[in-house]
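Undergrad:
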Amino acid sequence: MLILLSNDDGIHSEGLISLKEIFAKHHDVFVVAPEKERTCISHAVTIHKPLRIKHLSDNTYCTNGTPADCIYLALNKILPKKPDVIISGINKGPNMGQDVHYSGTVAAAKEGAFMGIFSIAVSIAARENFYFKDAAMVVFKLLELFKNDLEKILKDVFLNINIPNLPFDEIKGFLVTRLGKRVYNDIITERVDPRGNKYYWIGGNGDTYEKIDGSDFIAVENGFVSVTPLSLDLTNNYYIDKLKKILRRYL
Numbered sequence: 070m071l072i073l074l075s076n077d078d079g080i081h082s083e084g085l086i087s088l089k090e091i092f093a094k095h096h097d098v099f100v101v102a103p104e105k106e107r108t109c110i111s112h113a114v115t116i117h118k119p120l121r122i123k124h125l126s127d128n129t130y131c132t133n134g135t136p137a138d139c140i141y142l143a144l145n146k147i148l149p150k151k152p153d154v155i156i157s158g159i160n161k162g163p164n165m166g167q168d169v170h171y172s173g174t175v176a177a178a179k180e181g182a183f184m185g186i187f188s189i190a191v192s193i194a195a196r197e198n199f200y201f202k203d204a205a206m207v208v209f210k211l212l213e214l215f216k217n218d219l220e221k222i223l224k225d226v227f228l229n230i231n232i233p234n235l236p237f238d239e240i241k242g243f244l245v246t247r248l249g250k251r252v253y254n255d256i257i258t259e260r261v262d263p264r265g266n267k268y269y270w271i272g273g274n275g276d277t278y279e280k281i282d283g284s285d286f287i288a289v290e291n292g293f294v295s296v297t298p299l300s301l302d303l304t305n306n307y308y309i310d311k312l313k314k315i316l317r318r319y320l
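All residue numbers for the sequence shown refer to our numbering, where the first residue is 70 and numbers rise by one.
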């Protein structure tokens, strides 16, 4: 298979390198990733400045763009043909619950899904001392399970994978999950610069979450890899008829 790798942690991230090492032994692999970390940039695309592509070695490239830019450039300018699979990650830290709306890792996979390509976003549920090589083995095993059914599995959908930070042999297996709900403390840190001007840091502690059965949080907490299918269609179909009834009164 032809596999495209990307991420939001940057071209030198250990998680990305771990994926390349294991997949390049068995598949044709291209890497197109940001030249520096672009964490939490979501699905931003660059339209107000030029994008540049740097060829680093073999099939490895970096760009000055966002994760979504990297996928777009890879598919339309760099790769010789359409890849069979796009894998974004392995992200340093989990992307569960509402995280998926902020994540550049998830956005790269979403961009691939926009193009009709089987795409996976992969994150490891830790903040330090990462088991990246073990997580890469998990991703390899997952793709082996899917490889004969890629065309059957997904349409307008991509997968969000979160892996416990454990040695490979201690991971209990895979669970298909729903997005959970993270509880954010919404802390804003206010400081003063040397000139007396206030400035702010956002991104408060969000390590707590609601205990929702079947969620990605619960799966990872219990030592399982969470596999969450995410839809490109954000329509809330449940409310369509309800809204029609409300608006009909005013037409």
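All residues carry an ideal CB built from backbone N, CA and C; glycine is no exception.
Between I189 and T132, what straight-line distance do the alpha-carbon atoms span, to the nearest angstrom?
TA: Each residue's alpha carbon lies about 21 Å from the other.
Undergrad: Using three-state DSSP, classify Y268 as helix, strand or coil.
TA: Three-state DSSP puts Y268 in a strand.
Undergrad: Mind checking which residues open and close the beta strand (DSSP E) that includes S157?
TA: Here the beta strand (DSSP E) through S157 covers V154 to K161.
Undergrad: What residue range is occupied by the uninterrupted alpha helix (DSSP H) comprising E90?
TA: E83 to F92 is the span of the alpha helix (DSSP H), which, as asked, contains E90.
Undergrad: With DSSP as the reference, please indicate the residues paired to L219 in a beta bridge.
TA: L219 pairs with nothing; no bridge assigned.
Undergrad: So, at 8 Å on beta carbons, what are the nonlocal neighbours of G292 in its own chain, with the 5 sequence-adjacent residues on each side left out?
TA: Excluding sequence neighbours, G292 sits near P233, L235, E239, I240 and K241.
Undergrad: Go ahead and pull the three-state DSSP assignment for P103.
TA: Strand, per DSSP.
Undergrad: At the level of alpha carbons, what is the spacing between V191 and P263?
TA: Cα to Cα, the separation comes out at about 40 Å.
Undergrad: Expressed to the nearest angstrom, what Euclidean distance is found between the alpha-carbon atoms of V101 and S284?
TA: When rounded, the distance between both Cα atoms is 31 Å.
Undergrad: Leaving out the 5 sequence neighbours to the left and right, which residues in its chain are closer than 6 Å to N251 when beta-carbon positions are compared?
TA: One point to set straight first is that residue 251 is Arg, not Asn, in the sequence displayed. Contacts found: G166, Q167, G275 and Y278.
Undergrad: Can you check DSSP and say which residues form a bridge with F209?
TA: Answer by DSSP bridge pairing: none, since F209 is not bridged.
Undergrad: Just to confirm, is the Cβ distance from S300 to V245 under 7 Å?
TA: The answer is no: Cβ separation not under 7 Å.
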